[in-house]
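Peer 1: Before I ask anything, let me first share the structure, which is written out below as structure tokens.
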Amino acid sequence: MAALSRGSSSRARHPDRVETIGRCRQADPAAAAAIIGQAQAAHLDWRKVPAPGRGELVRLFADELRAAKAELGRLVTIEVGKIFSEGQGEVQEMIDICDFAVGLSRQLHGLTMATERANHRMMETWHPLGVTGIISAFNFPVAVWSWNAALALVCGNSCVWKPSEKAPLAALATQALFERGAARFAGAPAGLSALLIGGREVGELLIDDPRVPVVSATGSTVMGRAVAPRLAQRFARAILELGGNNAAIVCPSADLDLALNAIAFAAMGTAGQRCTTLRRLIVHTGVYDRLIPRLKKTYASVRIGDPRRSGVLVGPLIDARAFEEMQKALAAARAEGSIVTGGERVDAERLSQAYYVRPALVEMPGQTELVRRETFAPILYVIKYREFAEALRLHNGVTQGLSSSIFTNDVREAERFLAVDGSDCGIANLNIGPSGAEIGGAFGGEKETGGGREAGADSWKAYMRRATNTINYGRDLPLAQGVSFDVG
Ligand code: NAD
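Heads up: the sequence shown is residues 0 to 487, going by numbering that gives the first Met the number 0.
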């Protein structure tokens, strides 16, 4: 993988050793314009390849991913600090979405509609949109791209990807694997899927380019707030996958053993750096004293350290800023009268510039402004409730709407949570935590999470345009709604 680092500028770092492991050339505006131009030309050729043929290219790419799964997963671990199984899992998710997209390449179908006019037929046809811009966050440095790219490619689009400036190497490796797969496909146009390395300003080039009709942007709500109006200004389509503030409700009838394990993974996995990380735990007063002391023990015993080592469950935070934000939030929580367990830095003397922390469990007096904010670090705020309606109110009382879950064996509570007046999130789970999605279901959330959906169901439609066709196979010209316009 060392051969993948090249050029200068944008630095890739190992979160553990703060050592520079690669340098990547950042795209300048002229280079970005050329790459987008080439992607546009590639789309014009690619759209003429029948969709199942386009699926074949994605299948070939998936072969490359299978062959390189161990190495690419390891690179994800090295670059962003995920534990080994999560790095591998991320690549497996890429393979899964490719398989899903290959199947979809034979199912991009529209409707035939009833028409009121005799000897007429009405139907819809789906066409590719064009260049798909993809902006991704550091915490899923390659999987999120593949959720978009695999579908966009079978739909007949080309792709231009601006990965996180914190994870350029995994993106370069993925691009190399894509090119390897494309080389085995006769007729893959040059520049069908391209990379733009750089930070926010490079992302803005993609956002503002009129040749890019659809942009999928994954990251913070702050990013979404900047990006959405710019895309709207030029009427481009936006698929926004933004911040979350995910909660779980633990009810009196919950299986507490199961809940404990689910909470531990959802709150501490990926060192609390998943958009679906469990950040708020709403616990019934009747089970609080049976659950929280056990959870504290789990928090105290979880192994933190080099994510490449087996047995380690919590790797480092991505950078110093993430650590500072976490400490600021914990200080604010203390000032609000909460009880904080954990949250301290680990191994600071030996690794003075790496940011390992013990995940924090914070027992809050209520759902304050602090709790309603997403702090992208392993902090789990715990709040008590007495009445189910109160739990639901707390649950929905935040501006984000990504993922949610309930632990209960009471069918009324379970169904209420999933009903129209239950969870207001894009993902609502029963007896599992809010994180750990599969590509078979649409992924995304409401409110300030942005409303976008990726993977699953019919999300391919986001990368295509729909044309309604009316066909007259008769000799008359009846007009709809009984309108008459006889020019003799
Ligand atoms: P971030 O917002 O700092 O950056 C995300 C990406 O957006 C990066 O590639 C960055 O360069 C780019 N960017 C930032 N501002 C931009 C602008 N004005 N114009 C164009 N591009 C811009 O996020 P991050 O720190 O990398 O990731 C963590 C955040 O992402 C968290 O809030 C997390 O919840 C969210 N996230 C959401 C999902 C989801 O599916 N909903 C998935 C992963 C991460």
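We put the beta carbon where it would ideally sit given N, CA and C, even for glycine. As the structure is a prediction and not an experimental result, all values here were calculated from the model.
Mind checking whether the beta-carbon of residue 162 lies closer than 7 Å to any heavy atom of ligand 1?
Peer 2: Correct: residue 162 has its Cβ closer than 7 Å to ligand 1.
Peer 1: If you follow the beta strand (DSSP E) that residue 160 is in, where does it begin and where does it stop?
Peer 2: Element bounds for residue 160: 157-161.
Peer 1: If I measure Cβ to Cβ from residue 322 and keep anything under 8 Å in the same chain, skipping five residues before and after, which residues do I get?
Peer 2: Result list for residue 322: 316, 344, 354, 356 and 376, in chain order.
Peer 1: Using a threshold of 8 Å, state whether the C-beta atoms of residue 161 and residue 79 are closer than that.
Peer 2: No, they are not a contact pair.
Peer 1: Going by DSSP in three states, residue 2 sits in which element: helix, strand or coil?
Peer 2: Reliability of the predicted coordinates at residue 2 is poor, the pLDDT of 27 falling under 50, and the value obtained from them is presented with this limitation in mind. Helix.
Peer 1: Suppose you measure from the CA of residue 467 to the CA of residue 109; what does that come to, to the nearest Å?
Peer 2: Going from the Cα of residue 467 to the Cα of residue 109 covers about 9 Å.
Peer 1: Output the boundary residues of the alpha helix (DSSP H) element that contains residue 59.
Peer 2: 50-66 is the extent of the alpha helix (DSSP H) around residue 59.
Peer 1: Within 10 angstroms of the Cβ of residue 131, are there 16 or more other Cβ atoms? Answer buried if so, exposed if not.
Peer 2: Buried: at least 16 other Cβ atoms inside 10 Å.
Peer 1: Quick one: is the Cβ of residue 266 within less than 7 Å of any heavy atom of ligand 1?
Peer 2: No, the Cβ of residue 266 stays beyond 7 Å of every heavy atom of ligand 1.
Peer 1: Grab the span of the beta strand (DSSP E) containing residue 139 for me, first residue to last.
Peer 2: It is not in any beta strand (DSSP E) - residue 139 carries neither H nor E in the DSSP assignment.
Peer 1: Hey, out of 243, 295, 292 and 247, whose CA is closest to residue 272's CA?
Peer 2: Comparing Cα positions, the closest option is 243.
Peer 1: Quick check: the Cα distance between residue 350 and residue 42, rounded to an integer number of angstroms?
Peer 2: Cα to Cα, residue 350 sits roughly 47 Å from residue 42.
Peer 1: Which class does residue 397 belong to by DSSP, given the choice of helix, strand or coil?
Peer 2: Three-state DSSP puts residue 397 in coil, outside helix and strand.
Peer 1: Please confirm whether residue 364 and residue 247 have their CB atoms less than 8 Å apart.
Peer 2: Against a cut-off of 8 Å, the Cβ pair of residue 247 and residue 364 comes out as no contact.
Peer 1: Taking 8 Å as the threshold, find out whether the stretch 67-76 comes into contact with the stretch 85-104 through three or more Cβ pairs.
Peer 2: In short, these stretches touch, since the Cβ pair count reaches three.
Peer 1: Under 8 Å, do residue 221 and residue 235 count as touching if we go by C-beta distance?
Peer 2: No. Outside cutoff.
Peer 1: Can you tell me the Cα-Cα spacing of residue 170 and residue 34, whole angstroms?
Peer 2: Cα to Cα, residue 170 sits roughly 16 Å from residue 34.
Peer 1: Check whether the Cβ of residue 156 lies closer than 7 Å to any heavy atom of ligand 2, and answer yes or no.
Peer 2: With respect to small molecules bound, the structure shown includes ligand 1 and not ligand 2.
Peer 1: Just checking residue 206 against ligand 1 - is the residue's beta carbon closer than 7 Å to any of the ligand's heavy atoms?
Peer 2: Yes, the Cβ of residue 206 comes within 7 Å of a heavy atom of ligand 1.
Peer 1: Nearest-angstrom Cα distance between residue 460 and residue 486?
Peer 2: One C-alpha to the other measures close to 41 Å.
Peer 1: Report yes if the CB atom of residue 470 is closer than 8 Å to the CB atom of residue 120, and no otherwise.
Peer 2: Yes; because the gap between Cβ atoms is below 8 Å, this pair is in contact.
Peer 1: Please give me, in chain order, every unbroken run of the beta strand (DSSP E) with length at least 3 that falls completely inside the stretch 375-424.
Peer 2: Those beta strand (DSSP E) runs which fall completely within the stretch 375-424 and span 3+ residues are 378-384 and 402-406.
Peer 1: Just to confirm the assignment, what range does the beta strand (DSSP E) spanning residue 216 have?
Peer 2: Segment 213-217, the beta strand (DSSP E) holding residue 216.
Peer 1: Return the chain-ordered list of same chain residues with a C-beta closer than 7 Å to the C-beta of residue 86, the five sequence neighbours on each side being excluded.
Peer 2: So the qualifying residues of the chain are 72, 73, 75 and 76.
Peer 1: Taking only heavy atoms of ligand 1 into account, decide whether any of them is closer than 7 Å to the Cβ of residue 136.
Peer 2: The answer is yes for residue 136.
Peer 1: Go ahead and label residue 463 buried or exposed: buried means 16 or more other beta carbons lie within 10 angstroms of its beta carbon, across all protein chains shown.
Peer 2: Flag for residue 463 reads buried.
Peer 1: Taking Cβ to Cβ, would you say residue 177 is nearer than 8 Å to residue 60?
Peer 2: Contact: yes.
Peer 1: Can you find the residues in the same chain that come closer than 6 Å, C-beta to C-beta, to residue 330, ignoring five residues on each side of it along the sequence?
Peer 2: Within the same chain, residue 330 has no close Cβ partners at all.
Peer 1: Among all the DSSP beta bridges, which residues are the ones paired with residue 468?
Peer 2: DSSP output for residue 468 lists 122 as bridge partner(s).
Peer 1: Quick one: Cα of residue 151 to Cα of residue 201, how far?
Peer 2: If I take the Cα positions, the gap works out to 21 Å.
Peer 1: Flag this pair as yes or no: are the beta carbons of residue 421 and residue 393 separated by less than 8 Å?
Peer 2: No.
Peer 1: Would a C-beta distance cut-off of 8 Å place residue 83 and residue 302 closer than the cut-off?
Peer 2: In this structure, residue 302 does not lie closer than 8 Å to residue 83 by Cβ.
Peer 1: Quick one: what's got a C-beta closer than 7 Å to residue 5's C-beta in the same chain, skipping five residues either side?
Peer 2: Because residue 5 carries a pLDDT of 27, less than 50, the predicted location of this residue cannot be relied on, and no value is offered for it.
Peer 1: Let me know if residue 478 comes out buried or exposed under the rule of 16 or more other beta-carbons within 10 Å of its beta-carbon.
Peer 2: Per the 10 Å Cβ criterion, exposed.
Peer 1: Have a look at residue 142 and residue 206 and give me their C-alpha separation to the nearest angstrom.
Peer 2: Between residue 142 and residue 206, the C-alpha separation is close to 21 Å.
Peer 1: CB of residue 219 to nearest heavy atom of ligand 1: below 7 Å?
Peer 2: Under cutoff, so the answer is yes.
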